[in-house]
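Chemist: Structure below; questions to follow.
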Amino acid sequence: MEVIPSRRLTAVKPYIFSEIALWRKAAEAKGLEVIDLGRGGPDLGPYGEAVEELAVTAADPAKYSYTPYTGSPELLVAIVRWFSRRFSVDIAGDDVALLPGSKGGLSRLNLALADPHDTVILPDPAFPSYASAAAVAGLEVYRLELKSELGWHPDLAGIPEEVAERARFILLNYPNNPTGSVTTESLLTELVSWARRTRTLVVYDNAYQFVTYDGNEPLSILSVPGAEEVAVEFHTFSKVYGMAGVRIAFAAGHSQAIAALKKIEVFYQAGIFAPSLAAATVALNEGDAAVADAVAVYLDRRETVSALLDGMGWQHEKPGGATYFWLKLPGGKGEDVAFCRGLLETTGVVLTPGSAFGEAGRGYVRLSLTQPRERLERALELIGKYSGERE
Ligand SMILES: Cc1ncc(COP(=O)(O)O)c(C=O)c1O
Numbered sequence: 254m255e256v257i258p259s260r261r262l263t264a265v266k267p268y269i270f271s272e273i274a275l276w277r278k279a280a281e282a283k284g285l286e287v288i289d290l291g292r293g294g295p296d297l298g299p300y301g302e303a304v305e306e307l308a309v310t311a312a313d314p315a316k317y318s319y320t321p322y323t324g325s326p327e328l329l330v331a332i333v334r335w336f337s338r339r340f341s342v343d344i345a346g347d348d349v350a351l352l353p354g355s356k357g358g359l360s361r362l363n364l365a366l367a368d369p370h371d372t373v374i375l376p377d378p379a380f381p382s383y384a385s386a387a388a389v390a391g392l393e394v395y396r397l398e399l400k401s402e403l404g405w406h407p408d409l410a411g412i413p414e415e416v417a418e419r420a421r422f423i424l425l426n427y428p429n430n431p432t433g434s435v436t437t438e439s440l441l442t443e444l445v446s447w448a449r450r451t452r453t454l455v456v457y458d459n460a461y462q463f464v465t466y467d468g469n470e471p472l473s474i475l476s477v478p479g480a481e482e483v484a485v486e487f488h489t490f491s492k493v494y495g496m497a498g499v500r501i502a503f504a505a506g507h508s509q510a511i512a513a514l515k516k517i518e519v520f521y522q523a524g525i526f527a528p529s530l531a532a533a534t535v536a537l538n539e540g541d542a543a544v545a546d547a548v549a550v551y552l553d554r555r556e557t558v559s560a561l562l563d564g565m566g567w568q569h570e571k572p573g574g575a576t577y578f579w580l581k582l583p584g585g586k587g588e589d590v591a592f593c594r595g596l597l598e599t600t601g602v603v604l605t606p607g608s609a610f611g612e613a614g615r616g617y618v619r620l621s622l623t624q625p626r627e628r629l630e631r632a633l634e635l636i637g638k639y640s641g642e643r644e
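Numbering (this note's numbering), first residue to last: 254 to 644.
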């Protein structure tokens, strides 16, 4: 019997990461040592106290039942306090949705807020899951190209009024994956007033929260006055708390948007594992210093990589936040997919081709700072050699 996937699934381009896995196999088969600067997951390990809490809770047989969709009162209180302490934002516990990871939550938000053929405004380049989730939901995407000359910020004035009028939401993410750009208070204020004027919901993915450098303040869009009337913000424990495998995240903000998200989550999830809820609570209540330490490590790695790129003659911008360098391939180095494939199969170094992040990523590669300094140094040496030999 032949099983035919749905039209909605056929509409989605295969994830480039599955292709990269094949190149990686080829490299391993040749006996090359793989240095993975492609992955976005942090390598610094989880926040220690959260692990202890998780272990203690997981040892209790009573913690293995379904949990309420609302999570635990302790975690909701921790989220409300954390928003207040870290971002001076007052939110109501009711306006928070707990999620088994933000990737799934952001994806299901499409189903909660838009019907097939509705329009959503998505940035390009961007975390690839935004576009694939919109395609699965049957939505039309208005591609908002982020440009280097605007610091990878959106040109809101360039969005046609009729697009803004019909769009169900605009999705933005800062500190940005893949460009490493950060936002500013004035940009967020402009975004909120644009949203109010055009009556467009802003979905703000703040996955890299505190990973900012050079005095750039970590910012929440919800700190802009009136933002809760036009915005929802997503946070995850995956990045700065090093808990990607725990699968826990949350969204907060606009009451009706959060209520719609909670409603759809009930159909797709069955509560979050109690030890995960407990670990997340400890991370928010006690993890500030560990987060600062993690950011200091990424800053040190950023400096190392930038100096090595200078030495190779690769022009680049230092990321203002997040854990990525977004590098334009120097002229004559071929297109990004061929470059990354050749690099991996020849040297064992994994970079992500820019086109994985959208049309606007062609000719770029993303280098992730999620390896210790010595491995970054070795990888950069290999990249320099490979790239030199291609000239
Ligand atoms: C911008 C962005 N948003 C969301 C996610 C997904 O995070 P989570 O682990 O919470 O699903 C990622 C993961 O790489 C990301 O880069």
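Beta carbons are placed, not taken as given, at the ideal position from N, Cα and C, and that holds for glycine.
Being a predicted model, the structure only gives us computed values, none of them experimental.
Please classify Gly-611 as buried or exposed, where buried requires at least 16 other C-beta atoms within 10 Å of its C-beta.
Modeler: As a first step, residue 611 must be located in the sequence shown, where it is residue number 358. Its Cβ being crowded by 16 or more others within 10 Å, Gly-611 is buried.
Chemist: So, is Met-496 buried or exposed, given that buried needs 16 or more other C-beta atoms within 10 angstroms?
Modeler: Counting from 1 along the sequence shown, the entry for residue 496 is found at position 243. With 16 or more other Cβ atoms within 10 Å, it is buried.
Chemist: By the DSSP assignment, the beta strand (DSSP E) with Ala-367 in it spans what residues?
Modeler: Translated into the one-based positions of the sequence shown, residue 367 becomes position 114. Neither: Ala-367 is in no beta strand (DSSP E) and is coded neither H nor E.
Chemist: Counting by C-beta, which residues lie closer than 6 angstroms to a heavy atom of ligand 1, in chain order?
Modeler: Counting every residue whose Cβ lies closer than 6 angstroms to a heavy atom of ligand 1, we get Gly-293, Gly-354, Ser-355, Lys-356, Phe-380, Asn-426, Asn-430, Asp-458, Ala-460, Thr-489, Ser-491, Ala-497, Ala-502.
Chemist: Gly-324: buried (16+ other C-beta within 10 angstroms of its C-beta) or exposed?
Modeler: Locating residue 324 in the sequence shown gives position 71, where the first residue counts as 1. The residue in question, Gly-324, is buried, as its Cβ has 16 or more Cβ neighbours within 10 Å.
Chemist: If we require 4 or more residues per run, which alpha helix (DSSP H) segments fall completely within the stretch 493 to 561?
Modeler: If we require 4 residues or more, the alpha helix (DSSP H) runs fully inside the stretch 493 to 561 come out as 508 to 521, 527 to 539.
Chemist: Spatial neighbours of Glu-398 within its chain, please: C-beta separation below 6 angstroms, excluding the five flanking residues on both sides.
Modeler: Here residue 398 refers to the residue found at position 145 of the sequence shown. Asp-377, Ala-613, listed in sequence order.
Chemist: Is the stretch 374 to 394 touching the stretch 423 to 438 in the sense that three or more CB pairs, one from each, lie closer than 8 angstroms?
Modeler: Segments in contact, yes.
Chemist: Between which two residues does the beta strand (DSSP E) containing Ala-350 stretch?
Modeler: As a position in the sequence shown, residue 350 is number 97, starting the count at 1. From DSSP, the beta strand (DSSP E) with Ala-350 extends over 349 to 352.
Chemist: According to DSSP, is Tyr-577 part of a helix, a strand, or is it coil?
Modeler: For the purposes of this step, residue 577 is taken as the residue at position 324 of the sequence shown. The answer is strand: DSSP assigns Tyr-577 an E or B state.
Chemist: Within 10 angstroms of its Cβ, does Leu-454 collect 16 or more other Cβ (buried), or is it exposed?
Modeler: Stepping through the sequence shown from its first residue, residue 454 is reached at position 201. Buried, by the Cβ-count rule.
Chemist: Check this for me: beta carbons of Phe-336 and Ala-460, under 8 angstroms apart or not?
Modeler: Along the sequence shown, one-based indexing puts residue 336 at 83. Along the sequence shown, one-based indexing puts residue 460 at 207. Not in contact: Phe-336 and Ala-460 (Cβ atoms no closer than 8 angstroms).
Chemist: Taking DSSP as the reference, what is the three-state secondary structure of Arg-619?
Modeler: Within the sequence shown, numbered from 1, the residue matching residue 619 stands at position 366. Note: Arg-619 maps to strand in three-state DSSP.
Chemist: Does the Cβ of Ala-274 have 16 or more other Cβ atoms within 10 Å, making it buried, or fewer, making it exposed?
Modeler: Residue numbering aside, residue 274 sits at position 21 when the sequence shown is read from its first letter. Label assigned to Ala-274: exposed.
Chemist: Would Glu-482 and Arg-361 qualify as a contact pair, given that the criterion is a beta-carbon distance under 8 angstroms?
Modeler: Working through the sequence shown from its first residue, we reach residue 482 at position 229. Working through the sequence shown from its first residue, we reach residue 361 at position 108. Cβ atoms of Glu-482 and Arg-361: not closer than 8 angstroms.
Chemist: If we require 3 or more residues per run, which beta strand (DSSP E) segments fall completely within the stretch 286 to 368?
Modeler: You should have 349 to 352.
Chemist: Could you give the C-beta distance for Leu-297 and Val-550, rounded to a whole number, given that I count them as a contact under 8 angstroms?
Modeler: Working through the sequence shown from its first residue, we reach residue 297 at position 44. Working through the sequence shown from its first residue, we reach residue 550 at position 297. That pair is a contact at about 6 angstroms.
Chemist: Buried or exposed for Thr-204, please, with buried defined as at least 16 other CB atoms from any protein chain shown within 10 angstroms of its CB.
Modeler: Absent from the structure is residue 204, since the part of the chain shown begins at 254 and ends at 644.
Chemist: Is the stretch 592 to 609 in contact with the stretch 530 to 539, if contact means three or more CB pairs nearer than 8 angstroms?
Modeler: No, because fewer than three Cβ pairs between the stretch 592 to 609 and the stretch 530 to 539 fall closer than 8 angstroms, the two stretches do not touch.
Chemist: First and last residue of the alpha helix (DSSP H) that includes Ala-456?
Modeler: Within the sequence shown, numbered from 1, the residue matching residue 456 stands at position 203. One point to set straight first is that residue 456 is Val, not Ala, in the sequence displayed. Not the alpha helix (DSSP H): Val-456 falls in the beta strand (DSSP E), residues 454 to 458.
Chemist: What residue range does the alpha helix (DSSP H) around Tyr-383 cover?
Modeler: Here residue 383 is taken as the residue at index 130 of the sequence shown, counted from 1. Here the alpha helix (DSSP H) through Tyr-383 covers 382 to 389.
Chemist: Would DSSP call Tyr-395 helix, strand or coil?
Modeler: For the purposes of this step, residue 395 is taken as the residue at position 142 of the sequence shown. If DSSP states are grouped into helix, strand and coil, Tyr-395 belongs with the strands.
Chemist: Measure the CB-CB distance between Pro-572 and Arg-555 and report whether it falls below 8 angstroms.
Modeler: Residue 572 sits at position 319 when you count from the first residue of the sequence shown. Residue 555 sits at position 302 when you count from the first residue of the sequence shown. Yes.
Chemist: Is the beta carbon of Leu-493 sitting closer than 8 angstroms to the one on Ala-547?
Modeler: Your numbering for residue 493 matches position 240 in the sequence shown. Your numbering for residue 547 matches position 294 in the sequence shown. Leu is not the amino acid found at residue 493; the sequence shown has Val there. In this structure, Ala-547 lies closer than 8 angstroms to Val-493 by Cβ.
Chemist: May I ask you to report which of helix, strand or coil DSSP gives Ile-412?
Modeler: The residue you call residue 412 lines up with position 159 of the sequence shown. DSSP places Ile-412 in coil when its eight states are reduced to three.
Chemist: Assuming Leu-424 is part of the beta strand (DSSP E), what are its boundary residues?
Modeler: As a position in the sequence shown, residue 424 is number 171, starting the count at 1. Note, Leu-424: beta strand (DSSP E), 420 to 426.
Chemist: Taking the beta strand (DSSP E) that Asp-377 falls in, what are its first and last residues?
Modeler: Locating residue 377 in the sequence shown gives position 124, where the first residue counts as 1. Note, Asp-377: beta strand (DSSP E), 372 to 377.
Chemist: Pull up the DSSP beta-bridge partners for Ala-484, would you.
Modeler: Counting from one through the sequence shown, the residue named residue 484 turns up at place 231. Paired residue(s): Val-455.
Chemist: Just checking: is the beta-carbon of Asn-430 within a distance shorter than 8 angstroms of some beta-carbon in chain B?
Modeler: This model lacks chain B altogether; it includes just one protein chain.
Chemist: What is the residue span of the alpha helix (DSSP H) that Leu-582 lies within?
Modeler: As a first step, residue 582 must be located in the sequence shown, where it is residue number 329. Unbroken run through Leu-582: none, as it is neither H nor E.
Chemist: Mind checking which residues open and close the alpha helix (DSSP H) that includes Ala-280?
Modeler: One-based indexing of the sequence shown puts residue 280 at position 27. Here the alpha helix (DSSP H) through Ala-280 covers 269 to 282.
Chemist: Within 10 angstroms of the Cβ of Glu-306, are there 16 or more other Cβ atoms? Answer buried if so, exposed if not.
Modeler: The residue labelled residue 306 in the question sits at position 53 within the sequence shown. Flag for Glu-306 reads buried.
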